[in-house]
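Take the sequence shown: its letters are residues 1 to 202, numbered as in the UniProt record's numbering.
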Amino acid sequence: MRRKRTTDWPLLWSAVKDHAGSFFLLLSMGLIFASAGGGVFFLGFGEWGAMLFGGFFALIGLALFVYSFVSAHSSIGYYYGLALLRKYGMEVDGVLTRKEAECQLNQVFDHNNRLKGEYYSCHLLVEFDYQFNGRNHSGAYYLNKADLFDKLREGDRLPLKVLRLDPSVHKVRERRLSNMLRGREPEQPSQIPAGAEISQLA
């Protein structure tokens, strides 16, 4: 979700505070790993074992350091967009143009590299068209609920919330959609593998 052009500082500060803990945790871990790895590398300079060990830990620390900023930026932007929608959003209807279950098979191995189990994780993508202020727009959203996804058909009406000053910021009103689809049978066969974990992307 892209943010509104005029920043609502209280909402942004609230989103920053909500994610400060995870940001500083990752940042601290990155600094600790990088410092420890760098120290071992320089103290053991000339010894290949120490240099490899120290360099490896330093790289892990650097990766965590960078990831803490990337993750914080993504999460804060996403939840700030949701907060803007709650405060300034307008309700409109869209039309479903496509749906797709983006699923990935994950395998779990034990310490002897033997397969312990496997499971699917899925992101439930819906794409739609909508009109706002006399203009045509297209959007996409990841649903949280498999039963809603299975009941949807192309051409269905989708209840949306759209940011009035930036209609590219939007979300599907899943509670309203659930009420609209109550009593409808799910599509068969489902695109979602049985027992799959459903997750939402920012």
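We put the CB at the ideal spot given by N, CA and C, even for glycine.
- In the assembly as shown, Ser68 is a buried residue. Its beta-carbon has 16 or more other beta-carbons within 10 Å.
- The stretch 35 to 48 and the stretch 87 to 94 do not touch, with fewer than three beta-carbon pairs separated by less than 8 Å.
- DSSP, read as helix, strand or coil, puts Pro159 in strand.
- Less than 8 Å divides the Cβ of Leu64 from the Cβ of Leu26.
- DSSP places Ile198 in the uninterrupted beta strand (DSSP E) bounded by Glu197 to Ser199.
- Rounded to the nearest angstrom, the gap between the Cα atoms of Leu124 and Ala83 is 22 Å.
- Bridge partners of His123 according to DSSP: Glu102 and Ser199.
- Gly94 is bridged by DSSP to Tyr130 and Leu158.
- Pairing Gly55 with Asn112, the inter-Cα distance amounts to about 27 Å.
- Counting along the chain, the unbroken beta strand (DSSP E) around Ala140 starts and ends at Arg135 to Leu143.
- For Val172, the uninterrupted beta strand (DSSP E) segment begins and ends at His170 to Val172.
- For a cut-off of 8 Å, the C-beta gap from Pro186 to Asp156 is around 13 Å, too long to register as a contact.
- Under the three-state reduction of DSSP, Gly39 is assigned to helix.
- The criterion of a C-beta distance shorter than 8 Å is satisfied by Leu158 and Phe128.
- In the three-state DSSP reduction, Leu165 falls in the coil class, being neither helix nor strand.
- For Gly44, there is no enclosing alpha helix (DSSP H), as DSSP marks it with neither H nor E.
- For Asp8, no alpha helix (DSSP H) encloses it, and the DSSP letter there is neither H nor E.
- For Met29, same chain residues with a beta-carbon under 6 Å away, outside a window of 5 residues either side, are Leu64 in chain order.
- Leu181 sits in coil when the DSSP states are folded into three classes, being neither helix nor strand.
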